[in-house]
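Since the structure comes first, as structure tokens, the remarks are kept for the end.
Residue numbers (this note's numbering), protein chains in the order written: chain A, 331 to 932; chain B, 6 to 120.
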């Protein structure tokens, strides 16, 4: 007699696909291989719901998932096989960890009987990624898949978002069971610090500090963008008249043309912003983690300030900078609570005209005077006579085009071009600026733009990338071509150097250009070989037209801007120094002898 | 032989965590990341279902940060630093009992730890 198969039986691979669909996933980025083959075998049954983007390298798949997440706010998903497939995901997992990007990475693993035997393509990816994941799972039983995937997405997207790894053995993908979708999350040790009310006592204390301060500043970062708190930030800033500074990952969370917007602090921040930090008496940090690229030498950071730190991750509070008031919670809830607490303060001045707290106008005047004196962007406005194409010409033209056409997303890589783009473009909208910050991963931009372009098919995604980073991951242009994408435009700021390292060698190591001169292929021809459009631009008067044409062209475009080779990013705080000590330069490409240093007054 | 950095001190932590593969590895790896040395470690399942308790002595310059980051781990339920005078070796067994380590109770009845 033959038993009739139970029609409710599903393989672990099918359950994995269905679990993703149940989480609302519509796109996954990946590359197949032996240990993940059962998953790929099941995938066509779910092709209506799950679009698989075949990347050219697992690092590309991981960064694409990050770009997707950062552009859309949803969890990005990447898939790889065991061994080298999984280890190639390590760099993007680390990047997502450092920048708190919500990501679920799914890897195939050798069959459970072979675990720990050095089997073919076996790597302990759970062990390798322990320090760079929010959490991870090794799944050996298909019955666990519904709960594990539900937990993975919950963990990745709540609290302080981050990457979660799910490693599924091949036999767990192959075994058939009847899935039970009534799952209970087993996360007794997890607190996302979002559901609960922020501590009312701490909020009142913070409000009192802000109200009594005469030189307050608001510093905002990624947390404001992640929690969607831009409206609450604007409301608090306007209500109190406190100026706002935005970190690299905070760009776009506060409109840059607002009178209270000061700009970016830190190593390549503006002089007036760093001066304001060193002068302020109360610093309200919302959703930024006092990264060393923001603080410079932390012991000298904001020496006169009582610091209020709002962070969803309690382990960030007091980690690097002493804090007077710590508020654990979501940025949006905290900003709302702060404004309510300020409104309830009895000492409030009835005159609600913006700068309504005492002495606030004097502080604003001081800050604006600093801005006028140090005139941001001035170093980039002066030109040499020979008409050499400068990197800032590219940024200026892109900014002008963007202003004329409305918004677009800009994805940058890591290095000089990243800082020029952050400094020289106007940022008005959350999630319009996507870059690799904490990890500083060269090679991030092209694949991250792939992910952003798939998340936002109706928007134009501009990539600004150096010739060094472009050569690390440009293979994902082949993925864009296969996907038929038309909304990615790539501007290579090509100076034939690993430019940021070269700049440090020029300024601090006597021009000893060790390992930094860099050749490359003809990028326009390379683009054509990929089946997309490529254009070389080497004079100033072609820049605007090239950007305009690229924007109009119905396909991916690679613009190879051959720029001044030794242009530098200014201002710059030397590594390990106080942000009160910045190097500034009158011209962008001069020798270090004319670099002027000045120290913060005591 | 390596020597500990000058400013490190011994701290005793009791960590309540899930009794699952990888939980211990995550917790200890976090301490390794800072290049802190674990000088003593005792860990065992508790009477509660599915959890274990770990008593560890770590030579650390910044134990507050370790406590904060341990607390952040999904598999960690609580972290407590116990005063140094309680942490002498001869008192470890007592601490184990106080922190509900039935395996370490000398009494024949693990539910009734001796005082």
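Backbone N, C-alpha and C fix where the C-beta goes; we use that ideal spot for every residue, glycine too.
The segment 453-469 of chain A makes no contact with the segment 606-618 of chain A: fewer than 3 CB pairs, one atom from each, lie closer than 8 Å. Under the Cβ distance rule, residue 12/B does not count among the residues neighbouring chain A, no pair being separated by less than 8 Å. In the displayed model, residue 735/A falls within a helix according to three-state DSSP. With contacts defined as CB atoms closer than 8 Å, residue 421/A and residue 392/A qualify as a contacting pair. Per the coordinates, the alpha-carbon of residue 915/A lies some 25 Å from the alpha-carbon of residue 848/A. In the assembly as shown, residue 692/A is an exposed residue. Its beta-carbon has fewer than 16 other beta-carbons within 10 Å. Residues of the segment 77-90 of chain B with a C-beta less than 9 Å from any C-beta of chain A: 77, 78, 79, 80, 81, 82 and 83, listed in chain order. Listed along the chain, the chain A residues whose CB falls inside 7 Å of the CB of residue 31/B are 460. Burial check for residue 77/B: the Cβ neighbour count within 10 Å reaches 16 or more, so the residue is buried. Here the C-alpha atom of residue 821/A lies approximately 21 Å from the C-alpha atom of residue 900/A. The three-state reading of DSSP puts residue 369/A in helix, counting H, G and I together.
The segment 532-544 of chain A makes contact with the segment 643-662 of chain A, as at least three CB pairs between them are under 8 Å. Below the 7 Å Cβ cutoff, chain B contributes 70 as neighbours of residue 649/A, in chain order. Around the CB of residue 378/A, fewer than 16 other CB atoms lie within 10 Å, so the residue is classed as exposed.
Nearest CB-CB separation between residue 23/B and chain A: below the 8 Å threshold. Distances from the alpha-carbon of residue 455/A to those of 334/A, 636/A and 438/A put 438/A closest. Every alpha helix (DSSP H) stretch that sits fully inside the segment 556-592 of chain A and reaches 4 residues is listed by chain position as 560-570. Within the segment 366-444 of chain A, the runs of alpha helix (DSSP H) that reach at least 4 residues and sit entirely inside it are, in chain order, 367-372, 388-402, 414-417 and 420-428.
Nearest to residue 21/B by C-alpha distance, out of 51/B, 37/B, 34/B and 45/B, is 51/B. Of all residues in the segment 565-581 of chain A, none has a C-beta nearer than 7 Å to a C-beta of chain B. Taking a cut-off of 8 Å on C-beta distances, the segment 770-777 of chain A touches the segment 379-399 of chain A, as three or more cross pairs fall below it. Against residue 645/A, the close residues of chain B are 70, 73, 74, 76 and 77, in the order they occur along the chain (beta-carbon pairs closer than 8 Å). Residue-level contact check: residue 520/A touches chain B, since one or more beta carbons of chain B fall below 8 Å from its beta carbon. For residue 34/B, the closest Cβ of chain A is nearer than 8 Å.
Cβ contact annotation for residue 492/A (same chain, cutoff 6 Å, sequence separation greater than five): 427, 430 and 464, in chain order. For the options 472/A, 791/A, 370/A and 752/A, the alpha carbon positioned closest to that of residue 384/A is the one of 370/A. According to DSSP, residue pairing for residue 498/A in a beta bridge involves 438/A and 469/A. Per the Cβ contact rule, the segment 632-642 of chain A is not in contact with the segment 569-583 of chain A (fewer than 3 Cβ pairs under 8 Å). With respect to chain B, the C-beta atom of residue 553/A has no partner C-beta closer than 8 Å.
In the DSSP assignment, residue 891/A falls within the beta strand (DSSP E) that extends over 887-892. For residue 857/A, the CB contacts under 6 Å within the same chain, skipping 5 residues up- and downstream, are 864 and 888 in chain order. For residue 465/A, a Cβ of chain B is located within less than 8 Å of the residue's own Cβ. In this structure, residue 719/A sits near residue 891/A, with a CB-CB distance shorter than 8 Å. Runs of the beta strand (DSSP E) lying entirely within the segment 613-690 of chain A and spanning at least 3 residues, in chain order: 636-641 and 655-658.
In terms of Cβ geometry, residue 897/A and residue 706/A do not form a close pair [threshold 8 Å]. Taking a Cβ-Cβ threshold of 7 Å, the residues of chain A close to residue 38/B are 461, in chain order.
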